[in-house]
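Working notes, structure below.
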Amino acid sequence: MPTNPVAGRTRPVVVVTGASAGVGRATALAFAREWGAAVGLIARSREALEEVAAEIGRVGGTALVLPADVADAKAVEAAADEAERTLGPIDVWVNNAMVTVFGRIRDLTPEEVRRVTEVTYLGSVHGTMAALRRMLPRDRGLILQVGSALAYRSIPLQAAYCGAKSAIRGFIDSLRSELIHDGSRLQVTMVHLPAVNTPQFDWARSHMPRRARPVGAIFDPDDIGRAIVRAAADPKREHWLGFTTAEAILGTQALPAYADYRVAFTAFEGQETEETEAPNRPDNLFEPVPGLHRTHGRFTGQEERLSVSTTGTAACGFAFLAGLALAGGIGYAARAALRKERA
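Numbering of the sequence shown is given in the working numbering, commencing with residue 688 and proceeding in unit increments.
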């Protein structure tokens, strides 16, 4: 049974990667506000992290700026050392850092795919390993992996990112099994997100002619940050945030071929606006983009509310069974019709 990893701790220590903007920034602030946590902030831009630390200070929290590129395992290890030396033992490690590239696979370069993999997948591997080195000897702690509906249901135009998120899910599943085998009290949870209104769509590299947008319903990063904090206090195996996340995951599991066709005919236009993409604009694939580090993107006013009923996984289990029953019924009806036609 999951237990609160910081029960009895007066000032928990939380480390968040990708903390300079978007979901990471919102999550760091939420941990400071709701838990009174001391928060270690990891991202590439020191200037942006100092802004986040100042925000945390204004709400009465404590923050430590830890500039590092999560693709560099030694830099992540050094950041973890500094966090424990300055703040104390790490209670919760949040792997959130990511980059993406928009474009068809035929237009991507090997260097772009490698970089997305190194940051999004290996960055989470490096963070997990750094956390394990410190948590295993104490036999306590939580590794919280920020996932995505795209870890289950890949879409066109973001193949490198979808591949990395799927790889993370496999890695975390392996880790969970190892911890269970060893009788460890460490906990691992994945929080799968829907589309979120972050600056990602202003600074991600793109090979598309028009400006990128989130696919499907868009959610507020502040709501997502608070939901991640709630998930940390109740670390089930997985948390699915937003109705679109449950829909994508359950739809793929119940009717995978249908889901392939659905995204094939909806996710191309669904990821583009009517605005022309600026040629040669700066992107954050290899270096931070100054001036764009903020929590919200340009889709403010278009967000859906993240209701309590769409968080957690209990209801999703029943929905999944219903989806399987529906899929079975459709399959049975199709086979019966085919047999009748052949008779």
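Just so it is clear, CB atoms sit at the ideal spot from N, CA and C, and this is done for glycine as well.
Counting along the chain, Arg897 sits inside the beta strand (DSSP E) bounded by residues Arg897 to Ala899. The beta-carbon distance between Val779 and Leu829, rounded to whole angstroms, is 5 Å. This is short enough to meet the 8 Å contact definition. Ser835 carries a strand assignment under DSSP once its states are collapsed to helix, strand and coil.
Nearest neighbour of Thr690 by Cα position, chosen from Arg827, Ala851, Val800 and Ala770, turns out to be Arg827. Looking at the DSSP output, Ile830 sits in a beta bridge with Trp780 and Val875. In this model, Glu974 and Gln874 are separated by some 33 Å (Cα to Cα). The C-beta distance from Tyr848 to Ile936 rounds to 17 Å, too long to fall under 8 Å, and the pair is not in contact.
Taking 8 Å as the cut-off, the Cβ atoms of Glu799 and Arg892 count as close. In the DSSP assignment, Val883 forms a beta bridge with Phe906. In this structure the stretch 705 to 715 touches the stretch 724 to 734; the number of beta carbon pairs closer than 8 Å is three or more. Secondary structure remark: continuous beta strand (DSSP E) runs of at least 3 residues inside the stretch 942 to 994, in chain order: 959 to 963. Leaving aside the five residues that flank Pro977 on each side, none in its chain has a CB nearer than 6 Å to its CB.
Put simply, the backbone Cα of Leu774 is about 10 Å away from that of Ala724. The residue from Val916, Arg900 and Glu990 with its alpha-carbon nearest to that of Gly957 is Arg900. Three or more beta-carbon pairs drawn from the stretch 842 to 859 and the stretch 808 to 820 are found closer than 8 Å, and the two stretches are therefore classed as touching. Met895 is not a Cβ neighbour of Glu991, given a cutoff of 8 Å.
Apart from the 5 residues on each side of it in sequence, Ala770 sits with its Cβ closer than 8 Å to the Cβ of Val700, Val702, Gly727, Leu751, Leu753 and Ile777 in its chain, given in chain order.
Between Val763 and Val833, the C-beta spacing is not below 8 Å. For His868, the uninterrupted alpha helix (DSSP H) segment begins and ends at Ala846 to Asp869.
Going by beta carbons, Leu862 and Thr804 fall outside the 8 Å limit. Here the alpha carbons of Ala760 and Asp889 stand approximately 27 Å from one another.
Distances from the alpha-carbon of Gly857 to those of Arg872, Gly748, Ser835 and Asp869 put Ser835 closest. Around the C-beta of Phe718, 16 or more other C-beta atoms lie within 10 Å, and the residue is accordingly described as buried. Where His894 is concerned, there is no enclosing beta strand (DSSP E), because DSSP gives it neither an H nor an E.
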